[in-house]
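Structure first, commentary second.
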Amino acid sequence: MSLKRTKIVDIFNASAVGQQVCVKGWVRTRRGNKNVQFVALNDGSTIKNIQIVVDLAKFSEEELKPITTGSSLCVEGLLVESQGKGQTCEIQADKIEIYGTADPESYPLQKKGHTMEFLRDIAHLRPRTNTFGAVFRIRHNMAIAIHKFFHEKGFFYFHTPLITASDCEGAGQMFQVTTMNLYDLKKDENGSIRYDGDFFGKQASLTVSGQLEGELAATALGAIYTFGPTFRAENSNTPRHLAEFWMIEPEVAFNDITDNMDLAEEFIKYCVKWALDNCYDDVKFLNDMFDKELIERLEGVLKQDFVRLTYTEGIKILEDAVAGGHKFEFPVYWGVDLASEHERFLVEDHFKRPVILTDYPKEIKAFYMKQNDDGKTVRAMDVLFPKIGEIIGGSEREENYDKLINRIEELNIPMKDMWWYLDTRKFGTVPHSGFGLGFERLLLFVTGMANIRDVIPFPRTPNNAEF
Ligand code: ATP
Ligand code: MN
Numbered sequence: 268m269s270l271k272r273t274k275i276v277d278i279f280n281a282s283a284v285g286q287q288v289c290v291k292g293w294v295r296t297r298r299g300n301k302n303v304q305f306v307a308l309n310d311g312s313t314i315k316n317i318q319i320v321v322d323l324a325k326f327s328e329e330e331l332k333p334i335t336t337g338s339s340l341c342v343e344g345l346l347v348e349s350q351g352k353g354q355t356c357e358i359q360a361d362k363i364e365i366y367g368t369a370d371p372e373s374y375p376l377q378k379k380g381h382t383m384e385f386l387r388d389i390a391h392l393r394p395r396t397n398t399f400g401a402v403f404r405i406r407h408n409m410a411i412a413i414h415k416f417f418h419e420k421g422f423f424y425f426h427t428p429l430i431t432a433s434d435c436e437g438a439g440q441m442f443q444v445t446t447m448n449l450y451d452l453k454k455d456e457n458g459s460i461r462y463d464g465d466f467f468g469k470q471a472s473l474t475v476s477g478q479l480e481g482e483l484a485a486t487a488l489g490a491i492y493t494f495g496p497t498f499r500a501e502n503s504n505t506p507r508h509l510a511e512f513w514m515i516e517p518e519v520a521f522n523d524i525t526d527n528m529d530l531a532e533e534f535i536k537y538c539v540k541w542a543l544d545n546c547y548d549d550v551k552f553l554n555d556m557f558d559k560e561l562i563e564r565l566e567g568v569l570k571q572d573f574v575r576l577t578y579t580e581g582i583k584i585l586e587d588a589v590a591g592g593h594k595f596e597f598p599v600y601w602g603v604d605l606a607s608e609h610e611r612f613l614v615e616d617h618f619k620r621p622v623i624l625t626d627y628p629k630e631i632k633a634f635y636m637k638q639n640d641d642g643k644t645v646r647a648m649d650v651l652f653p654k655i656g657e658i659i660g661g662s663e664r665e666e667n668y669d670k671l672i673n674r675i676e677e678l679n680i681p682m683k684d685m686w687w688y689l690d691t692r693k694f695g696t697v698p699h700s701g702f703g704l705g706f707e708r709l710l711l712f713v714t715g716m717a718n719i720r721d722v723i724p725f726p727r728t729p730n731n732a733e734f
């Protein structure tokens, strides 16, 4: 084969009708009759397949036999306008080289209509389906959108460590990192494990959030964001939790809670618009196949201002709903950590648009959040989305050294691990705010997928670390 390969996406974008082209990809289907065969070829560059027309005057049945679903080919031929419905152009094959066959007896992606559960069991092959091709192209595009958004606003991408020796955030259960021999642990006189012989000389874990280090950076560079893997050993088997997920955490010096809400709203809208502008084919496919209201929902988010109200006002609405006969699985009262059903009620039933809840009871929020004058609440904000519930959690941070220390002592957080964090409040402290967006929660929204396991290539969840 002599011609340079063209990606299928480029074949459709730049019409080279009348030219000789070379494409390479994987066979999705082959059908036809004794005179002519049609091969649908996909190379992952787009959801669209290119149709290869194989004239049996030029090829023998024997040559075509190994061309089955899943096999990989290189095809050269003339690009012509298509006679068939639904496609703009097709290739009249002159030469076909088979790279690899895929035995129909054992290749699992034969017919369409596999369940999502089955596809999770073959996560190594599911990117070859239309659905997961679309999801992972969108995932890439969202990552680009995120970097573009922050870069254009003058934020710096800051890399925070994945291994940490301070569990002060309490954001979730941590995975321990150790090189100790688990069959022969050294203990002290109290029976506690001795970490002084461990790799880091103390107990270390995978990070649950880059925020604390992000604050160090924001109080130096002004505005930063992190975008990296995050680990939580929470044993919650829900469609919204992973043990390993990606989080985006902007942190901005001199921003108060209102600036923080403005940033969160502008950011999500930018990402959603990016998906509609840059991944329309894939979004449309997911809309048509899975979720007929997907595009409507995405466009709806762009048009509307997010509702902003306090936790206390939110609880009032939920209590009124309960009084009016609405049944929730979990109880509603001031002080409760809202469950996803409560969040979704506010968003989907009551306001019918995204909601930003602020000023939560301090007991259910982290120690670093700015304390309100009422002594009961903190300047927290959660962004709640349709179908998902919490998509963002953030706050204005407590910048007052004494107030922060008091809270740390109240909660019995080990101070010696926190000395470096406290230095931000000792030296040139400033008001500042930030938030964390779960990348996969954003992807759930943008793709319309129902389970978070289906928006990350290789999900890590309790009892599952295959691939
Ligand atoms: P939730 O209440 O949904 O468990 P959280 O309050 O523990 O979330 P935060 O600590 O506020 O979450 O983390 C910030 C964001 O990270 C959340 O808004 C969410 O988008 C995302 N997130 C948190 N935990 C997970 C998880 N286990 N898997 C995927 N995304 C997560
Ligand atoms: Mn949260």
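Letter by letter, the sequence shown follows residues 268 to 734 of the numbering used here. Backbone N, C-alpha and C fix where the C-beta goes; we use that ideal spot for every residue, glycine too.
Verify whether the separation of the beta carbon atoms of residue i and residue j is less than 8 Å.
i: E707; j: V722; result: yes
i: L473; j: I430; result: yes
i: K315; j: D548; result: yes
i: V713; j: A542; result: yes
i: W293; j: G337; result: yes
i: A743; j: A490; result: Past the boundaries of the shown model lies residue 743; the chain is included only from 268 to 734, so the question cannot be answered.
i: F305; j: R298; result: yes
i: A390; j: P729; result: no
i: T445; j: F466; result: yes
i: E343; j: Q287; result: yes
i: G477; j: G701; result: no
i: E663; j: I524; result: yes
i: V347; j: C356; result: yes
i: L585; j: F612; result: yes
i: Y220; j: L624; result: Nothing can be reported for residue 220, as the shown portion of the chain is limited to 268 through 734.
i: T368; j: P394; result: no
i: F618; j: L678; result: no
i: H699; j: E665; result: no
i: E501; j: Q571; result: no
i: L576; j: K540; result: no
i: P726; j: L488; result: no
i: T396; j: L376; result: yes
i: I658; j: L605; result: no
i: G495; j: T427; result: yes
Taking only heavy atoms of ligand 1 into account, decide whether any of them is closer than 7 Å to the Cβ of residue i.
i: F512; result: yes
i: I413; result: no
i: R747; result: Past the edges of the chain, shown from 268 to 734, lies residue 747, and the structure says nothing about it.
i: E482; result: no
i: L509; result: yes
i: G602; result: no
i: I535; result: no
i: L346; result: no
i: G567; result: no
i: L704; result: yes
i: I658; result: yes
i: R664; result: no
i: R708; result: yes
i: I719; result: yes
Mind checking who residue i pairs with in its DSSP beta bridge?
i: W601; result: DSSP lists no partner for W601.
i: R272; result: C289
i: R575; result: I623
i: K643; result: Paired residues: none, contrary to the question.
i: I319; result: V306, I358
i: N731; result: T728
i: M409; result: In the DSSP output, where bridge partners are listed per residue, M409 has none listed.
Determine the burial state of residue i: buried for a count of at least 16 other Cβ atoms within 10 Å of its Cβ, exposed for fewer.
i: I231; result: Residue 231 is absent from the model: the chain starts at 268 and stops at 734.
i: Y366; result: exposed
i: V303; result: exposed
i: I654; result: It should be noted that the sequence gives Lys, not Ile, for residue 654. Buried, by the Cβ-count rule.
i: E518; result: buried
i: T505; result: exposed
i: G421; result: exposed
i: S433; result: buried
i: K632; result: buried
i: G695; result: exposed
i: A471; result: buried
i: E329; result: exposed
i: H609; result: buried
i: K453; result: exposed
i: K637; result: buried
i: G468; result: exposed
i: L449; result: exposed
Decide if the segment 614-633 is in contact with the segment 641-659; the criterion is three or more beta carbon pairs, one per stretch, under 8 Å apart. yes
Inter-stretch contact (C-beta, 8 Å, three-pair minimum) for the segment 680-690 and the segment 555-575: no
Just checking, does the segment 443-461 make contact with the segment 658-678 on the three C-beta pairs under 8 Å criterion? Segments in contact, no.
Mind the definition here: the segment 369-387 touches the segment 323-331 only if three or more C-beta pairs lie below 8 Å; say whether that holds. no
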